[in-house]
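Asks: If you read the sequences in order, they're chains A and B. Okay, so the first sequence: first residue is 1 according to UniProt numbering, each after it adds one. Okay, so the second sequence: first residue is 1 according to UniProt numbering, each after it adds one. Virtual Cβ for every residue (Gly too), placed ideally from N, Cα, C. Since the structure is predicted, the reported quantities are computational estimates derived from the model, not experimental observations. Here's a structure for you.
Number of protein chains: 2
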Amino acid sequence: MAIEKEAQGGLEWRVSVPEGSAAEMELESKWIHRARTWLIQLVMTVVSKVTSFGKKAGKIGADDPRKVIHGVKVGIALTLVSLFYYTRPLYDGVGGCAMWAVMTVVVIFEFTVGGCLYKGINRAVATSTAGTLALGIHWIASKSGEKVEPIILSSSVFLLASAATFSRFIPNIKARFDYGITIFILTFSLVAVSGYRVDELLRLAQERICTIAIGVAICLVVCVLVRPVWAGQELHLLVSRNMDKLADSLECLVEDYFMKDKTVEGEVSYSQRSQGYKNVLNSKASEDSQANLARWEPGHGKFGFKHPWSQYLKVGAAMRYCAYCMEALNGCINSEIQAPEHMKRHLRDVCMRLSLGTSKVLKEISSSVKSMKESRSIQVLVEEMNNAVEELQVALRSLPKQLTQSPPPAAAAEAATIEKRHCVPAATISLMEVMPLFTAASLLIEVSERVGGVVDAVGTLATLACFEPIDHKKPSSSVVPRDEESVKPSQEV
Amino acid sequence: MAIEKEAQGGLEWRVSVPEGSAAEMELESKWIHRARTWLIQLVMTVVSKVTSFGKKAGKIGADDPRKVIHGVKVGIALTLVSLFYYTRPLYDGVGGCAMWAVMTVVVIFEFTVGGCLYKGINRAVATSTAGTLALGIHWIASKSGEKVEPIILSSSVFLLASAATFSRFIPNIKARFDYGITIFILTFSLVAVSGYRVDELLRLAQERICTIAIGVAICLVVCVLVRPVWAGQELHLLVSRNMDKLADSLECLVEDYFMKDKTVEGEVSYSQRSQGYKNVLNSKASEDSQANLARWEPGHGKFGFKHPWSQYLKVGAAMRYCAYCMEALNGCINSEIQAPEHMKRHLRDVCMRLSLGTSKVLKEISSSVKSMKESRSIQVLVEEMNNAVEELQVALRSLPKQLTQSPPPAAAAEAATIEKRHCVPAATISLMEVMPLFTAASLLIEVSERVGGVVDAVGTLATLACFEPIDHKKPSSSVVPRDEESVKPSQEV
Numbered sequence: 001m002a003i004e005k006e007a008q009g010g011l012e013w014r015v016s017v018p019e020g021s022a023a024e025m026e027l028e029s030k031w032i033h034r035a036r037t038w039l040i041q042l043v044m045t046v047v048s049k050v051t052s053f054g055k056k057a058g059k060i061g062a063d064d065p066r067k068v069i070h071g072v073k074v075g076i077a078l079t080l081v082s083l084f085y086y087t088r089p090l091y092d093g094v095g096g097c098a099m100w101a102v103m104t105v106v107v108i109f110e111f112t113v114g115g116c117l118y119k120g121i122n123r124a125v126a127t128s129t130a131g132t133l134a135l136g137i138h139w140i141a142s143k144s145g146e147k148v149e150p151i152i153l154s155s156s157v158f159l160l161a162s163a164a165t166f167s168r169f170i171p172n173i174k175a176r177f178d179y180g181i182t183i184f185i186l187t188f189s190l191v192a193v194s195g196y197r198v199d200e201l202l203r204l205a206q207e208r209i210c211t212i213a214i215g216v217a218i219c220l221v222v223c224v225l226v227r228p229v230w231a232g233q234e235l236h237l238l239v240s241r242n243m244d245k246l247a248d249s250l251e252c253l254v255e256d257y258f259m260k261d262k263t264v265e266g267e268v269s270y271s272q273r274s275q276g277y278k279n280v281l282n283s284k285a286s287e288d289s290q291a292n293l294a295r296w297e298p299g300h301g302k303f304g305f306k307h308p309w310s311q312y313l314k315v316g317a318a319m320r321y322c323a324y325c326m327e328a329l330n331g332c333i334n335s336e337i338q339a340p341e342h343m344k345r346h347l348r349d350v351c352m353r354l355s356l357g358t359s360k361v362l363k364e365i366s367s368s369v370k371s372m373k374e375s376r377s378i379q380v381l382v383e384e385m386n387n388a389v390e391e392l393q394v395a396l397r398s399l400p401k402q403l404t405q406s407p408p409p410a411a412a413a414e415a416a417t418i419e420k421r422h423c424v425p426a427a428t429i430s431l432m433e434v435m436p437l438f439t440a441a442s443l444l445i446e447v448s449e450r451v452g453g454v455v456d457a458v459g460t461l462a463t464l465a466c467f468e469p470i471d472h473k474k475p476s477s478s479v480v481p482r483d484e485e486s487v488k489p490s491q492e493v
Numbered sequence: 001m002a003i004e005k006e007a008q009g010g011l012e013w014r015v016s017v018p019e020g021s022a023a024e025m026e027l028e029s030k031w032i033h034r035a036r037t038w039l040i041q042l043v044m045t046v047v048s049k050v051t052s053f054g055k056k057a058g059k060i061g062a063d064d065p066r067k068v069i070h071g072v073k074v075g076i077a078l079t080l081v082s083l084f085y086y087t088r089p090l091y092d093g094v095g096g097c098a099m100w101a102v103m104t105v106v107v108i109f110e111f112t113v114g115g116c117l118y119k120g121i122n123r124a125v126a127t128s129t130a131g132t133l134a135l136g137i138h139w140i141a142s143k144s145g146e147k148v149e150p151i152i153l154s155s156s157v158f159l160l161a162s163a164a165t166f167s168r169f170i171p172n173i174k175a176r177f178d179y180g181i182t183i184f185i186l187t188f189s190l191v192a193v194s195g196y197r198v199d200e201l202l203r204l205a206q207e208r209i210c211t212i213a214i215g216v217a218i219c220l221v222v223c224v225l226v227r228p229v230w231a232g233q234e235l236h237l238l239v240s241r242n243m244d245k246l247a248d249s250l251e252c253l254v255e256d257y258f259m260k261d262k263t264v265e266g267e268v269s270y271s272q273r274s275q276g277y278k279n280v281l282n283s284k285a286s287e288d289s290q291a292n293l294a295r296w297e298p299g300h301g302k303f304g305f306k307h308p309w310s311q312y313l314k315v316g317a318a319m320r321y322c323a324y325c326m327e328a329l330n331g332c333i334n335s336e337i338q339a340p341e342h343m344k345r346h347l348r349d350v351c352m353r354l355s356l357g358t359s360k361v362l363k364e365i366s367s368s369v370k371s372m373k374e375s376r377s378i379q380v381l382v383e384e385m386n387n388a389v390e391e392l393q394v395a396l397r398s399l400p401k402q403l404t405q406s407p408p409p410a411a412a413a414e415a416a417t418i419e420k421r422h423c424v425p426a427a428t429i430s431l432m433e434v435m436p437l438f439t440a441a442s443l444l445i446e447v448s449e450r451v452g453g454v455v456d457a458v459g460t461l462a463t464l465a466c467f468e469p470i471d472h473k474k475p476s477s478s479v480v481p482r483d484e485e486s487v488k489p490s491q492e493v
């Protein structure tokens, strides 16, 4: 807009005083002005982009300070390894062996200890096996004459690289040894093509393995000692957090459906809570990768070395199965076609009871997973949930009768007229209106059934991971009675 | 068991003939036998594992021969780069610059062209910027005296490595520059810590960039010339294939529900087809990564350079939204509680019509996406689908009436008795039984509505990607009339 104004101004000026030099000056000042405006705009854009980027980065850091700490950890590890070499005059070339230590640190250092171990072990094992293999082939090639030597070496590189690359497509290998295979191909090619004599290669291999070991050691020490992040623990927390999210979502969705008018205030945070199940829908990838990495971790905290991480994936799958159904429930709740409020009122209490019961079951198994203790009250809670399912089914069965008995004044009058004429009760007329309510109720029942699947999966997890059993004799633990107390009043809700 | 038998045999022998030497011989032969059994078992296990692994690998190769070709391509590229250096006496050390070419090929070569380009460009740009930056800091450090020099270098490594590592947590940067940042940190640390003089470094940097360029060039040439796999095309095909899967699933599920007895033969392939929507549920990760890589690809085949790849993600999201609902429908169809067959029969035709109409819409947009032509018949098909939705709603509305009018013999008698006593029609009684049918029907309606969302997303894609418009004057194309013809008879189904 500034430029447009400027152009108009210039035009006016030229029209009124058409002298050559003045016009040129004007043109020049116009250009300067334009350039200045452009520069200012550029600077403003850059500044605003940088600040928005900074804000985004700041938010990420504030949300999870461990990410900032991870950055610092990488800095520490790199500085350590570089100081190690800087203080000693060992570094006699960019290609020297010290390089491998720096490279190892940069490439291996991952956010979780499992990631570090996975890459470190893969790198070490792949380097040594590929190195040995390449040395052997090198020796054979050197014995078979100058002409055959390059053929043997090239064809071995071709064959091994092709086979190893293809093996990366096999899911099990991909999950556990992907990085190792890259390093295997790399080391094999480097050694096989190097053109060194075997004794020289042995010295080099020794140096290289030594520097890689130093790199891996520095990585692991920094990774484990400075605020470690364990992939296993992350998976454990992710799964139990997702259960809480499912529970919250379910409660909110059903409450939202039956008490729409009461939720106007604080609606944003409310709808955020009700959409928590969407995180569950999208958490497959991170669960898979964390379970993969957790396998490499030694025992830590409450988790033994052979902790059944793969069972967490089954729990996760059961939760997703549940979340799919909640997606459909959400769609049904937010659909345009809705049952009238007076019909909803008939099922409100029993539906709320079921959703509360189901969410309590989820919360109970979540806290059981979190604390790694068998749950004392889960059987009672599941029974309550099942009772609520039955109650809802009974309520659904009696709904048409109720509707015929107590329609709202207007509907009653209308229904009465129709009933007289056609001998068709109000239930028939309003069936179409009740349908969305039916669908919602059936989906709610289906959700509870699927929660049963989650409970089973968690039960298997409890057995496999040897959760702390319930002490039947002393029921005076601090957690369980509170849970049971909190259950009782809810039955009167 | 063999070992157990063996041990018993030994015991018997020792009891009957307790001579020293004979017992020893027996013990020896026992051990030999044991060892032989163990060895045979070991060999058998290894052989069976290897064969099962081989079968698995063979199946993967047969399912997608491009994976085998990819392996061969990597072999070719590595052989090329190694021959390049083997034939010239340039290679004067494992750490020589030639190493970088080999390393570049191993690390950069990816399955898709987009992956190769992403890594190649990231590597080249990151190496040059980090190298330049490190040179600058090196120069500053060398000017500031021997004591301050290591401090400046180490602290710059620490700060840059920390900041760069943290920046990898920012989603946009992670998606586009993750690999580049690793290489940036690596190059910067290597150069900054190297301890060379600046002029020496310049020569090294030049050599290194040259060898990396050679590596990238070889990779790209092999990747693009030998049976290229384009990430963009993969995404394109994945999305349209997923639409077909959704269509097939929906048809099968509904058919399965209403004609359970007719589908006994060939049930396996049938149930496989009906579960196709599960692929859609799990395809988010591959869609995301392919869309990320497709951005780096130049125009290829029917796709321009600025093809709207991100819109494919929106289409994918709309399809998943649809698949969630089909998950719930599947649950409902496979649930234990089922509406009686005679009730199902009332809705069978109209539900089948709707599912067929919906699946036709999906197949039509799938073929429109596949051929990148605007669809001629999509509006008609969507209209038909919406009509079928309305028909189903009408049928649902009239269902209670129909049920009261024509119950099956047994039910009719029962209903009649109850009706006389309580003046409650059969509709009320059987409502609970009809409920699963209602739920299935509502979910079917919801699925069609969500398919509408997919149609909209594909419409946007057609606009953004400039699909070939319909030629209104010449309707004699080979595809469209056949589609329209195939639509007509189905209306009589």
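With 9 Å as the limit, tell me which residues of the region 138–157 of chain A have their beta carbon closer than that to any beta carbon of chain B; keep them in chain order.
Replies: So the close ones are P150, L153, S154, S155 and V157.
Asks: Flag this pair as yes or no: are the beta carbons of V106(A) and L186(B) separated by less than 8 Å?
Replies: Looking up residue 106(A) in the first sequence gives position 106. Looking up residue 186(B) in the second sequence gives position 186. For V106(A) and L186(B), yes; Cβs fall inside 8 Å.
Asks: Return the residue from the list R176(B), L190(B), T132(B) and M319(B) that minimises the CA-CA distance to V157(B).
Replies: If you number the second sequence from 1, residue 157(B) lands on position 157. Cα-wise, what sits closest to V157(B) is L190(B).
Asks: Return helix, strand or coil for F84(B), following the three-state DSSP convention.
Replies: Position 84 of the second sequence holds residue 84(B). Helix at F84(B).
Asks: Can you list, in chain order, the stretches of the beta strand (DSSP E) that have 3 or more residues and sit fully within the region 434–466 of chain B?
Replies: Entirely contained in the region 434–466 of chain B, not one beta strand (DSSP E) run reaches 3 residues.
Asks: Along chain A, which residues have their Cβ under 8 Å away from the Cβ of residue 507(B)?
Replies: With chain B covering 1 to 493 only, the question about residue 507(B) has no answer from this structure.
Asks: Once you ignore the five residues that flank N330(B) on each side, which residues in its own chain have a CB closer than 7 Å to its CB?
Replies: Counting from 1 along the second sequence, the entry for residue 330(B) is found at position 330. So the list reads L253, once near-sequence residues are dropped.
Asks: Does any residue of chain A bring its CB to less than 8 Å from the CB of K56(B)?
Replies: One-based indexing of the second sequence puts residue 56(B) at position 56. Answer yes: the Cβ-Cβ gap between K56(B) and chain A drops below 8 Å somewhere.
Asks: I218(A) and S128(A) look like a contact to me (Cβ under 8 Å); what is the Cβ gap, rounded to whole Å?
Replies: As a first step, residue 218(A) is located in the first sequence; it is residue number 218 there, counting from the start. As a first step, residue 128(A) is located in the first sequence; it is residue number 128 there, counting from the start. At roughly 19 Å, the Cβ-Cβ gap does not stay under 8 Å, so I218(A) and S128(A) are not in contact.
Asks: List, in chain order, every chain A residue whose beta-carbon is nearer than 8 Å to that of A163(B).
Replies: Translated into the one-based positions of the second sequence, residue 163(B) becomes position 163. The answer, in chain order, is G71.
Asks: Give the list of continuous alpha helix (DSSP H) stretches no shorter than 4 residues that lie fully inside the region 184–236 of chain B.
Replies: Counting whole runs of 4 or more residues, the region 184–236 of chain B contains the alpha helix (DSSP H) stretches 198–225.
Asks: Give the secondary structure of K474(A) by DSSP, where H, G and I count as helix, E and B as strand, and everything else as coil.
Replies: Position 474 of the first sequence, counted from the first residue, corresponds to residue 474(A). The predicted position of K474(A) is uncertain, since its pLDDT is 47 and thus under 50; no value can be drawn from it.
Asks: State the CB to CB distance for the pair V451(B) and L362(B), rounded to an integer number of angstroms; the pair is presumed to be in contact (CB under 8 Å).
Replies: Against the second sequence, residue 451(B) aligns to sequence position 451. Against the second sequence, residue 362(B) aligns to sequence position 362. Going by Cβ atoms, the distance from V451(B) to L362(B) rounds to 6 Å, so yes, they are a contact pair.
Asks: Would you grab the beta carbon distance between V229(A) and I365(A) for me? Rounded to a whole angstrom, and I think it's under 8 Å.
Replies: For this step, residue 229(A) is matched to residue 229 along the first sequence. For this step, residue 365(A) is matched to residue 365 along the first sequence. The pair is not a contact, with the Cβ atoms about 25 Å apart (cut-off 8 Å).
Asks: Going straight from the alpha carbon of S286(A) to that of V380(A), what length do you get?
Replies: Within the first sequence, the letter at position 286 stands for residue 286(A). Within the first sequence, the letter at position 380 stands for residue 380(A). The alpha-carbon atoms of S286(A) and V380(A) are separated by roughly 33 Å.
Asks: For C332(A), return the contacting residues in chain B, with the cut-off set at a CB-CB distance below 8 Å.
Replies: The residue given as residue 332(A) occupies position 332 in the first sequence. Within 8 Å Cβ-Cβ: S442 and E446.
Asks: Using 8 Å as the cut-off, can you tell me whether the region 111–123 of chain B makes contact with the region 224–242 of chain B, which would need three or more C-beta pairs spanning the two stretches below that distance?
Replies: At 8 Å Cβ cutoff, the stretches touch.
Asks: Per DSSP, which one or two residues make a beta bridge with H300(B)?
Replies: Taking the first residue of the second sequence as 1, we reach residue 300(B) at position 300. Its beta-bridge partners are F303(B).
Asks: Per the contact definition of three or more C-beta pairs closer than 8 Å, is the region 220–228 of chain A in contact with the region 44–62 of chain A?
Replies: In short, these stretches do not touch, since the Cβ pair count stays below three.
Asks: Can you check DSSP and say which residues form a bridge with K373(A)?
Replies: Here residue 373(A) corresponds to residue number 373 of the first sequence, with the count starting at 1. Partner(s): E468(A).
Asks: State the Cα-Cα distance for the pair D288(A) and T37(A), rounded to the nearest angstrom.
Replies: Here residue 288(A) refers to the residue found at position 288 of the first sequence. Here residue 37(A) refers to the residue found at position 37 of the first sequence. Looking at the two C-alpha atoms, the distance is approximately 52 Å.
Asks: Does N242(B) get closer than 8 Å to chain A when you measure Cβ to Cβ?
Replies: Along the second sequence, one-based indexing puts residue 242(B) at 242. No, no contact with chain A.
Asks: If you measure beta-carbon to beta-carbon, which residues of the region 284–318 of chain B are closer than 8 Å to chain A?
Replies: Within the region 284–318 of chain B, the qualifying residues are K284 and A285.
Asks: Could you tell me which chain B residues have their CB closer than 9 Å to the CB of S359(A), listed as they occur along the chain?
Replies: The count along the first sequence starts at 1 and reaches residue 359(A) at position 359. Within chain B, no residue comes near S359(A); the closest Cβ sits about 19 Å away, beyond 9 Å.
Asks: Using a Cβ-Cβ cut-off of 8 Å, state whether G180(B) counts as contacting chain A.
Replies: Against the second sequence, residue 180(B) aligns to sequence position 180. Taking Cβ atoms only, chain A never reaches closer than 8 Å to G180(B), which makes this a no.
Asks: With a 10 Å radius around its C-beta and 16 neighbouring C-beta atoms as the bar for buried, classify L159(A) as buried or exposed.
Replies: Working through the first sequence from its first residue, we reach residue 159(A) at position 159. It counts as exposed.
Asks: By how many angstroms is the C-alpha of L313(B) removed from the C-alpha of G136(B)?
Replies: Within the second sequence, the letter at position 136 stands for residue 136(B). Within the second sequence, the letter at position 313 stands for residue 313(B). Going by the C-alpha atoms only, they are around 42 Å apart.
Asks: Kindly say whether F258(B), judged by its beta-carbon, lies nearer than 8 Å to any beta-carbon of chain A.
Replies: Sequence index remark: in the second sequence, residue 258(B) carries index 258 (1-based). No, F258(B) lies away from the interface with chain A (no Cβ there is under 8 Å from its Cβ).
Asks: 8 Å is my cut-off, CB to CB: does L246(A) come that close to chain B?
Replies: Stepping through the first sequence from its first residue, residue 246(A) is reached at position 246. No, its Cβ sits nowhere closer than 8 Å to a Cβ of chain B.
Asks: Please work out which residues of its chain come closer than 7 Å, Cβ to Cβ, to C351(A), disregarding the five sequence neighbours upstream and downstream, and give them in chain order.
Replies: Residue mapping note: residue 351(A) aligns to position 351 of the first sequence, counting from 1. Excluding residues within five positions, the ones whose Cβ falls inside 7 Å are V254, F258, L392, A441 and L444.
Asks: So, does the CB of M343(A) fall closer than 8 Å to a CB anywhere in chain B?
Replies: As a working note, residue 343(A) is residue 343 in the first sequence. Closer than 8 Å: no.
Asks: Locate the alpha helix (DSSP H) running through A318(A), then write down its first and last residues.
Replies: Along the first sequence, read from residue 1 onward, the residue named residue 318(A) stands at position 318. Unbroken alpha helix (DSSP H) run through A318(A): W309 to I333.
Asks: Would a check of beta-carbon distances place M103(B) closer than 8 Å to chain A?
Replies: The count along the second sequence starts at 1 and reaches residue 103(B) at position 103. Interface residue, yes.
Asks: What number of angstroms, rounded off, separates the C-alpha of A291(A) from the C-alpha of P340(A)?
Replies: Walking along the first sequence from the start, residue 291(A) turns up at place 291. Walking along the first sequence from the start, residue 340(A) turns up at place 340. One C-alpha to the other measures close to 47 Å.
Asks: Is K67(B) close to chain A, meaning its C-beta is less than 8 Å from at least one C-beta of that chain?
Replies: Here residue 67(B) corresponds to residue number 67 of the second sequence, with the count starting at 1. Yes, its Cβ sits closer than 8 Å to a Cβ of chain A.
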